[in-house]
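Enquirer: With the UniProt record's numbering applied, the sequence shown covers 1 to 415.
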Amino acid sequence: MEEKQKRKGASAASSSAPELVRCYCDLHVHIGRTSEGQPVKISGSRDLTFAGIAREAAERKGIGLIGIIDSHSPAVQRDILDCLHDGEMTEAEGGGILYRGTAIVLGTEIEIREPGRKEYHVLAYMPDLKTMTEFSRWMGRHMRNVNLSSQRIYVPSRELQDEIYGRGGILIPAHIFTPHKGLYGCAAERMAELFDLRRIAAVELGLSADSEMAGYISELDPYTFLTNSDAHSLGKIGREYNEMELAAPSFAELRLALEGREGRRVTANYGLNPRLGKYHRTYCAGCGSIIDEAYATSQRCPYCGSVKLVQGVLDRILNIADREKPVVPEHRPPYRYQVPLEFIPGLGKAKMNLLLEAFGTEMNILHEAGEEELAAVAGLELAAKIAAARSGSLELTAGGGGTYGRVALTPKDKS
């Protein structure tokens with residue numbers, strides 16, 4: 001009888017567990033302007049408004065969880081309130097703002113500069129609008145212009161960490177390896193020099209790195225890796241993204257996935273092959289050359305002799321590595337190379353619109369449509385390129401010095 005009761009209890013507990021669904025997530029998207037035209041991210045597109053991002057993510061991209069990392073701006077918060085008051089959006093159960101099944105997580109990108117170090121960026125996300133508004137007021141006392149994006153905060157890194165976690169938020173170092181404002185890229189050789197490692201929710205790799213490259217640094221072994229777009233225009237949303245298993249998109253579910261708790265987890269990172277990233281290899285600002293690997297540790301350009309070198313992500317990682325070979329822990333999800341649809345040669349606006357009419361969203365084109373189905377809409381040649389893009393088999397040239405790598409006009413020969 002006792003054993004039967006145990007089995008009955010276990011069955012009831014199992015049946016009460018929520019069913020998890022696949023959710024595509026891009027957690028680093030900027031606001032270019034408010035609905036009234038006030039600039040937030042100066043380099044961002046004017047159509048990157050809060051409502052515009054929500055529509056793009058839900059209706060065109062097929063992204064279920066989007067992180068808007070300029071939600072600290074009081075002007076952006078007024079736009080959010082307008083969307084809520086109009087009934088266009090609602091507050092999501094578990095935190096965030098809900099629009100047509102897509103949840104918007106409210107975040108902020110913050111610049112930190114510790115004495116004697118270069119500046120670097122972190123991402124902070126808050127559970128709801130009320131908490132973000134309170135956090136914004138606190139930041140405004142330590143920041144020159146809280147209305148703008150990616151502003152420097154004049155407090156020590158661990159004090160910022162206290163404020164974020166004291167409000168129930170989460171902290172994620174941003175594009176950690178990039179030479180411009182990446183934590184490992186320019187500010188420190190180890191994250192422990194700057195933060196309490198127990199209060200880091202995840203790390204964002206950035207466009208020029210992948211899981212294997214990060215595996216040269218043992219300090220990163222425990223952490224969830226994220227790949228995000230850092231979008232400065234609507235078209236760039238989802239150029240890198242994550243696949244997660246969640247009960248429903250929300251801040252609370254995101255936290256569970258980053259912690260790998262209650263079955264929630266990050267199941268895949270989708271990103272550019274690092275060779276396409278614009279800071280992948282060391283670059284000479286004197287003559288514009290990308291430095292050959294054999295000369296990457298030199299202090300001068302082997303082609304023109306200039307000392308104006310911008311160290312590439314790969315070369316920086318190898319320079320600070322504490323392992324001779326990379327290690328990818330068993331808990332790490334696969335990192336899948338994928339070329340964004342906008343990078344594919346020959347895929348213009350007209351063909352793209354036909355594909356969207358047929359398959360609904362970009363995520364459906366990339367993940368659900370078979371090559372034969374794609375060919376019926378866009379032709380055999382484009383279908384082959386799309387299939388090659390999502391399998392990582394397109395020919396690439398390396399990027400560096402702020403210039404993206406490029407995709408060859410024809411896929412690799414599969415034979």
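C-beta: ideal position from N, C-alpha, C; glycine also.
With a threshold of 8 Å on Cβ separation, who are the neighbours of Cys287 within its own chain once the five nearest residues in sequence on each side are excluded?
Expert: Within the sequence shown, numbered from 1, the residue matching residue 287 stands at position 287. So the list reads Cys301, Tyr303, Cys304 and Ser306, once near-sequence residues are dropped.
Enquirer: Please report the residue range of the beta strand (DSSP E) in which His28 lies.
Expert: Translated into positions along the sequence shown, residue 28 becomes position 28. His28 -> beta strand (DSSP E) spans Val21 to Val29.
Enquirer: So, with DSSP's three-state summary, where would you put Pro18?
Expert: Here residue 18 corresponds to residue number 18 of the sequence shown, with the count starting at 1. Three-state result, Pro18: coil.
Enquirer: Please go through the same chain and pick out, in chain order, the residues whose beta-carbon is closer than 8 Å to the beta-carbon of Pro326, but skip the five residues on each side of it.
Expert: Residue numbering aside, residue 326 sits at position 326 when the sequence shown is read from its first letter. Excluding residues within five positions, the ones whose Cβ falls inside 8 Å are Glu212, Met213, Ala214, Gly215 and Tyr216.
Enquirer: Any contact between the region 69 to 89 and the region 121 to 136? By contact I mean 3 or more CB pairs, one from each, below 8 Å.
Expert: Output reads yes: the region 121 to 136 touches the region 69 to 89.
Enquirer: Closest to Lys61 by C-alpha separation, out of Arg336, Ala247, Glu240 and Gly260, would be which residue?
Expert: Taking the first residue of the sequence shown as 1, we reach residue 61 at position 61. Minimum Cα distance to Lys61 is reached at Glu240.
Enquirer: Where Asp196 and Pro173 are concerned, what is the direct C-alpha to C-alpha distance, given to the nearest angstrom?
Expert: Stepping through the sequence shown from its first residue, residue 196 is reached at position 196. Stepping through the sequence shown from its first residue, residue 173 is reached at position 173. Their Cα atoms are separated by approximately 12 Å.
Enquirer: Pop quiz: residue 455 and Ile63 are said to be a contact at Cβ under 8 Å. What is the actual Cβ separation, rounded to whole angstroms?
Expert: Look at the range of the chain in this structure, 1 to 415, and you will see that residue 455 is not part of it.
Enquirer: Please return the same chain residues whose Cβ sits closer than 6 Å to the Cβ of Val369, not counting the five positions on each side in sequence.
Expert: Taking the sequence shown and counting its residues from 1, one reaches residue 369 at position 369. Correcting the residue type first, residue 369 is Ala in the shown sequence and not Val. Closer than 6 Å at Cβ, skipping near neighbours: Phe359.
Enquirer: Please name the residue in Glu243, Pro329, Asn364 and Glu19 whose C-alpha comes closest to that of Pro222.
Expert: Residue mapping note: residue 222 aligns to position 222 of the sequence shown, counting from 1. Per the Cα distances, Pro329.
Enquirer: Using only CA atoms, which one of Ala321, Ala388 and His367 lies nearest to Pro345?
Expert: Mapped onto the sequence shown, residue 345 falls at position 345. Per the Cα distances, Ala388.
Enquirer: Since Gly37 contacts Ser250 with CB under 8 Å, what's their CB separation in whole angstroms?
Expert: Along the sequence shown, one-based indexing puts residue 37 at 37. Along the sequence shown, one-based indexing puts residue 250 at 250. Not really, about 31 Å apart at Cβ, beyond 8 Å.
Enquirer: Nearest by alpha-carbon distance to Ala285: which of Glu262, Gln311 and Arg265 is it?
Expert: The residue given as residue 285 occupies position 285 in the sequence shown. Checked all of Glu262, Gln311 and Arg265; the closest Cα to Ala285 is Gln311.
Enquirer: Would you give the residue range spanned by the beta strand (DSSP E) that Ala268 belongs to?
Expert: Translated into positions along the sequence shown, residue 268 becomes position 268. Segment Arg265 to Gly271, the beta strand (DSSP E) holding Ala268.
Enquirer: Do you know whose CA, among Arg152, Arg141 and Ile320, lies nearest Lys118's CA?
Expert: As a first step, residue 118 is located in the sequence shown; it is residue number 118 there, counting from the start. Out of Arg152, Arg141 and Ile320, Arg152 has the C-alpha closest to the C-alpha of Lys118.
Enquirer: Counting Cβ pairs, one atom from each stretch, are 3 or more of them under 8 Å apart for the region 245 to 265 and the region 180 to 200?
Expert: The answer is no - the region 180 to 200 does not touch the region 245 to 265, with fewer than three Cβ pairs under 8 Å.
Enquirer: Can you tell me whether Gly67 is buried or exposed, with buried defined as 16 or more other CB within 10 angstroms of its CB?
Expert: Position 67 of the sequence shown holds residue 67. Its Cβ being crowded by 16 or more others within 10 Å, Gly67 is buried.
Enquirer: Is it the case that the Cβ atoms of Tyr270 and Thr227 are separated by a distance below 8 Å?
Expert: Numbered from 1 along the sequence shown, position 270 holds the residue referred to as residue 270. Numbered from 1 along the sequence shown, position 227 holds the residue referred to as residue 227. Against a cut-off of 8 Å, the Cβ pair of Thr227 and Tyr270 comes out as a contact.
Enquirer: In the DSSP assignment, the beta strand (DSSP E) including Pro127 goes from what residue to what residue?
Expert: Along the sequence shown, one-based indexing puts residue 127 at 127. Element bounds for Pro127: n/a, residue is neither H nor E.
Enquirer: Whole-angstrom Cβ separation of Lys181 and Glu88, contact assumed at under 8 Å?
Expert: Counted from its first residue, the sequence shown places residue 181 at position 181. Counted from its first residue, the sequence shown places residue 88 at position 88. The Cβ separation is near 34 Å, so there is no contact.
Enquirer: Return the CA-CA distance between Glu381 and Ala375, expressed in angstroms with no decimal places.
Expert: As a position in the sequence shown, residue 381 is number 381, starting the count at 1. As a position in the sequence shown, residue 375 is number 375, starting the count at 1. Whole-angstrom Cα-Cα distance: 8 Å.
Enquirer: Mind the definition here: the region 182 to 191 touches the region 136 to 156 only if three or more C-beta pairs lie below 8 Å; say whether that holds.
Expert: Touching, no, given that fewer than three Cβ pairs across the two stretches are closer than 8 Å.
Enquirer: Name the two residues that bound the continuous beta strand (DSSP E) containing Asn319.
Expert: As a first step, residue 319 must be located in the sequence shown, where it is residue number 319. Asn319 -> not in any beta strand (DSSP E); alpha helix (DSSP H) instead, spanning Val313 to Ile320.
Enquirer: Give me, in chain order, the residues of the same chain whose beta-carbon lies closer than 6 Å to that of Cys23; leave out the 5 immediate sequence neighbours on both sides.
Expert: Position 23 of the sequence shown, counting from 1, holds the residue named residue 23. So the qualifying residues of the chain are Gly64, Leu65, Met244, Leu246 and Pro249.
Enquirer: Curious, which full-length alpha helix (DSSP H) runs of at least 4 residues does the region 216 to 273 contain?
Expert: The qualifying runs are 251 to 259.
Enquirer: If we ignore side chains and look at the alpha-carbon of each, how far apart do Leu123 and Gly107 end up?
Expert: Locating residue 123 in the sequence shown gives position 123, where the first residue counts as 1. Locating residue 107 in the sequence shown gives position 107, where the first residue counts as 1. Between Leu123 and Gly107, the C-alpha separation is close to 7 Å.
Enquirer: Does DSSP put Arg158 in a helix, in a strand, or in coil?
Expert: Position 158 of the sequence shown, counted from the first residue, corresponds to residue 158. Arg158: helix per DSSP, three-state reduction.
Enquirer: Around the Cβ of Ala57, are there at least 16 other Cβ atoms within 10 angstroms (buried) or fewer (exposed)?
Expert: Here residue 57 is taken as the residue at index 57 of the sequence shown, counted from 1. Ala57 is buried by the Cβ-count criterion.
Enquirer: Pick from Ser136, Ile176, Ser218 and Ala268: whose alpha carbon is nearest that of Val76?
Expert: Locating residue 76 in the sequence shown gives position 76, counting from the first residue. Measuring from the Cα of Val76, the nearest candidate turns out to be Ser136.
Enquirer: What do you reckon, are the CB atoms on Ser43 and His175 nearer than 8 Å?
Expert: Here residue 43 refers to the residue found at position 43 of the sequence shown. Here residue 175 refers to the residue found at position 175 of the sequence shown. Contact: no.
Enquirer: Taking the DSSP output, what are the residues bridged to Cys284?
Expert: For the purposes of this step, residue 284 is identified with residue 284 of the sequence shown, where counting begins at 1. Answer is Leu309, bridged to Cys284.
Enquirer: Residues in the same chain with beta-carbon distance under 7 Å from Pro18, minus the five sequence neighbours each way, listed in chain order, please.
Expert: On the sequence shown, position 18 is the one that residue 18 refers to. Taken in chain order, the residues that qualify are Ala247.
Enquirer: Following the continuous alpha helix (DSSP H) through Val377, name the residue where it begins and the one where it ends.
Expert: Translated into the one-based positions of the sequence shown, residue 377 becomes position 377. Start and end: Glu371 to Ala378.
Enquirer: CA-CA distance, Arg323 and His121?
Expert: Position 323 of the sequence shown, counted from the first residue, corresponds to residue 323. Position 121 of the sequence shown, counted from the first residue, corresponds to residue 121. The straight-line gap from Cα to Cα measures roughly 25 Å.
Enquirer: With distances taken from CA atoms, which of Gly166, Glu193 and Arg113 is nearest Tyr154?
Expert: Reading the sequence shown from its first residue, position 154 is the one you call residue 154. Looking at the Cα atoms, Arg113 is the closest of the given residues.
Enquirer: Taking the alpha helix (DSSP H) that Val328 falls in, what are its first and last residues?
Expert: Numbered from its first residue, the sequence shown carries residue 328 at position 328. Element bounds for Val328: n/a, residue is neither H nor E.
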